[in-house]
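To start, the structure itself, in structure tokens.
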Amino acid sequence: MNRESKRSLTILSVVAVAGAGTMTVELSAVRLLAPWFGASSGVWTNVIGVILLALALGYLIGARLACRAHPVRLLGLALLLSGAFTVWLPFFAAPVAEAFIPRGLALDEAAGLLLWGSLAASLVLFLPAALLLGCVGPLAVEAVQNLRGGHAGDAGGRVLGASTFGSIAGTFATTHVLLPRLGIEHTFLLSAAVLGLLGVFMLVLARRARAPSAAAALLLVLGLATSRYAAPLPAADLRLLAARQSPYQSIRVVERGEGAERIRFLQVNESLDSFQSVWQPEPGLLPPAYYYNLFALPPAWSRTTGNWRMLVIGLGAGTVVRVLEGALPEAVRLISLGAEIDPVVVELGRRWFELEANDTDRRVFAGLDGRAALRFAEGAFDEIVLDAYADNMEIPAHLSTVEFFREVRSQLRPGGWLAVNLSGFGFDDPVISAVAGTVAAAFERRVLALRVPFSRNCVLFARAGDEPPAPRSAAFRLEGGAVASLVPSLELDGGWRWFEPGEGRVLTDDENPIDQLQLRSITRGRALWIESL
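So in the working numbering, spot 431 of the sequence shown is number 445, and the numbers just go up one at a time.
What follows is the structure, encoded as structure tokens:
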């Protein structure tokens with residue numbers, strides 16, 4: 015292999031690593047913004063759109079620069095500058111995000127800022143680094159063409175191939191290795207260091223290191239020395255107990271109160287007023303306004319006296335199981351199976367939320383999608399609880415369709431219950447009405463929606479081959495026990511509603527606009543908040 019071929023291979027190797035760096039920045043970008051804006055499909059769209067815009071601009075600028083002399087030197091400078099801009103991302107994320115979505119807002123207030131705020135923050139944070147990475151391709155093509163001669167298509171194909179192979183490697187490495195093991199901050203720092211070192215290497219290869227290169231190197235070193243990722247701090251009355259990164263989200267455990275009054279929350283990807291799981295020292299019903307309490311109604315309405323088999327899709331840290339453990343009569347044995355897609359949530363649940371797991375009556379499947387768990391679970395459940403949200407706001411599309419709810423019905427014993435937690439702004443909310451109508455179509459029975467007092471949540475109840483008891487009926491009301499105390503507030507005017515089969519649009523696996531419905535729900539919530547001012 016002659017000298018030109020070796021240098022060409024070196025440049026292609028650098029291009030491959032730069033391609034990996036591009037995907038690392040793109041995939042980590044959503045995770046960086048998630049504590050402020052969540053990781054909904056809208057946020058993903060904004061980040062991907064900004065990255066593509068930046069790459070397109072980079073290709074055009076790189077094409078102009080490639081017409082000048084010394085493409086290898088310019089390639090090195092582009093890599094060095096991209097590393098310098100990447101290293102500062104964790105440091106600037108907090109102030110940039112909070113400029114567009116100020117700290118302390120409730121979800122109703124922040125709803126209208128989530129979409130456009132994430133777009134603006136993405137432009138400020140990610141466009142410079144991605145633009146410079148876009149310059150790499152045209153400059154590399156020119157450098158390889160100068161070294162190898164021949165046709166431009168040959169050089170372009172080699173560069174595109176190397177970049178794509180690098181992007182593939184970066185995609186898998188970021189999701190399965192870097193983020194789970196290093197976390198967000200160190201993933202960005204590693205990417206910045208690699209890009210910066212590649213830039214220095216190319217400048218040495220070109221034997222031309224000038225003032226701009228030195229300035230970029232200084233920025234890179236300063237960033238590596240000072241950059242700190244600062245996720246939003248918990249509220250002043252909360253103590254931080256643990257914080258972890260998982261392949262899916264940023265997770266933290268916080269606590270307020272002392273002694274028997276302590277209460278813990280598991281929060282993911284947000285600084286607003288939401289939580290995923292709740293713990294208190296004693297099992298049983300939580301204070302009012304926690305929707306988990308309503309999951310204890312089906313066994314009470316059924317007047318069960320034997321075993322109660324329950325499947326929880328979206329187990330989180332196990333709050334549902336703990337509520338029923340204390341709420342069921344002593345003679346009733348709870349047999350639970352929980353599916354949670356994020357194994358880190360399960361780890362934190364065992365450490366901080368007393369989440370039990372064994373092979374008999376407390377089975378937990380970590381890292382398993384809810385629909386897959388439903389399909390392979392042993393059926394004849396008395397109750398199936400659906401409490402699966404991404405970022406406390408986004409319902410997974412495949413867990414909201416008529417086909418899915420028919421699968422749920424097939425796994426229930428006759429008279430068994432489905433309980434679904436939904437978040438929205440009234441029974442006319444687009445998400446609540448669509449999902450409730452879809453459940454009614456799947457069960458071919460009326461569905462009862464109950465508003466959770468002092469909350470924007472409501473819980474849907476459906477039965478296999480039967481209907482839930484009607485509010486204000488003798489069957490709805492309970493005699494004695496802690497669960498009976500829930501009933502009076504649920505029977506108030508405006509606290510409940512029936513949804514009939516065929517009412518509203520039915521969501522299917524083929525046609526499911528749940529993302530658009532959730533955006534409409536957020537818009538509705540913002541409008542209602544403005545009206546209340």
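Positions of the beta carbon are idealized from the N, C-alpha and C atoms, including for glycine. Owing to the predicted nature of the structure, the values given are computational and were not obtained by experimental measurement.
Provide the residue(s) that pair with G352 in DSSP beta bridges, ordered along the chain.
V326, V378
Neighbourhood of Q159 by C-beta, 7 Å cutoff - its chain only, sequence neighbours within 5 removed
A166, A169
Where does Q530 land, buried or exposed, given buried means 16+ other C-beta within 10 angstroms?
exposed
DSSP three-state assignment for E408, whether helix, strand or coil
strand
Take every Cβ of the segment 83 to 100, pair it with every Cβ of the segment 125 to 143, and state whether three or more of those distances are shorter than 8 Å.
yes
What whole-angstrom Cβ distance do G429 and D480 have, given they're in contact under 8 Å?
5 Å
Could you say if the segment 443 to 459 and the segment 291 to 309 meet the contact criterion of at least three C-beta pairs nearer than 8 Å?
no
Start and end residues, alpha helix (DSSP H) containing W543
Boundaries of the alpha helix (DSSP H) around W543: 528 to 546.
Can you tell me whether DSSP reads R383 as helix, strand or coil?
Before going on, a small fix: residue 383 reads as Asp here, not Arg. Coil, per DSSP.
Nearest to L533 by alpha carbon, out of A484, L128, V110?
Per the Cα distances, L128.
With a 10 Å radius around its C-beta and 16 neighbouring C-beta atoms as the bar for buried, classify A113 as buried or exposed.
exposed
Are the CB atoms of E361 and V335 nearer to each other than 9 Å?
no
The alpha helix (DSSP H) spanning V520 covers which residue range?
Segment: none, V520 is in no alpha helix (DSSP H) and carries neither H nor E.
According to the Cβ coordinates, are L299 and A256 closer than 9 Å?
no
Would the beta-carbon of R87 fall within 9 Å of that of A207?
no
Around the C-beta of M66, are 16 or more other C-beta atoms found within 10 angstroms, so that it is buried, or is it exposed?
Before going on, a small fix: residue 66 reads as Leu here, not Met. Under this definition L66 is an exposed residue.
Span of the beta strand (DSSP E), counted from its first residue to its last, around I75:
It is not in any beta strand (DSSP E) - I75 instead sits in the alpha helix (DSSP H) that spans 55 to 80.
Assumed close pair R511, A463 - CB separation to whole angstroms, cut-off 8 Å:
5 Å
Meets three-Cβ-pair contact criterion under 8 Å: the segment 349 to 363 and the segment 375 to 390:
yes
Residues bridged to W293 (per DSSP):
R278
Is the beta carbon of I115 sitting closer than 9 Å to the one on W50?
yes
Decide if S27 is buried, meaning its Cβ has at least 16 other Cβ atoms within 10 Å, or exposed.
exposed
CA nearest to the CA of L45, picked from A450, R258, D373
Per the sequence shown, the amino acid found at residue 45 is Arg instead of Leu. Relative to the Cα of R45, the nearest Cα in the group A450, R258, D373 belongs to R258.
Would DSSP call G494 helix, strand or coil?
coil
Touching by the beta-carbon criterion (3+ pairs, under 8 Å), the segment 389 to 408 and the segment 320 to 333
yes
With a threshold of 8 Å, establish whether the CB of Q259 neighbours any heavy atom of the ligand MN.
Inclusion of the ligand MN in the displayed structure is not the case, the ligand content being empty and no account of it being possible.
Considering only C-alpha positions, which residue in the set L308, Y73, R276 is nearest to E296?
R276
Could you say if the segment 466 to 484 and the segment 441 to 456 meet the contact criterion of at least three C-beta pairs nearer than 8 Å?
yes
Starting from the C-beta of G35, find all residues in its chain whose C-beta is less than 7 Å away, skip the five residues before and the five after it, and write them out in chain order.
L147, G184, S205, V208, L209
In whole angstroms, give me the CA-to-CA distance for Q425 and G52.
Note on geometry: alpha-carbon atoms of Q425 and G52 lie some 33 Å from one another.
How long is the line joining the alpha carbons of R1 and S414, rounded to whole angstroms?
Examination of residue 1 is not possible in this model, given that the chain is present from 15 through 547 alone.
Measure the alpha-carbon distance for R538 versus L311 and round it to whole angstroms.
C-alpha separation (whole angstroms): 30 Å.
Can you list, in chain order, the stretches of the alpha helix (DSSP H) that have 4 or more residues and sit fully within the segment 80 to 109?
85 to 101
Could you pull out every unbroken alpha helix (DSSP H) segment of at least 4 residues lying fully inside the segment 408 to 496, listed in chain order?
416 to 424, 444 to 457
Use the C-beta contact count for R423: other C-beta atoms within 10 angstroms, 16 or more gives buried, fewer gives exposed.
With 16 or more other Cβ atoms within 10 Å, it is buried.
Should A239 go down as buried or exposed, given a rule of 16 or more other Cβ atoms within 10 Å for buried?
Bear in mind that the predicted position of A239 carries a pLDDT of just 49, short of 50, making it unreliable; the figure below should be weighed with that in mind. A239 is exposed by the Cβ-count criterion.
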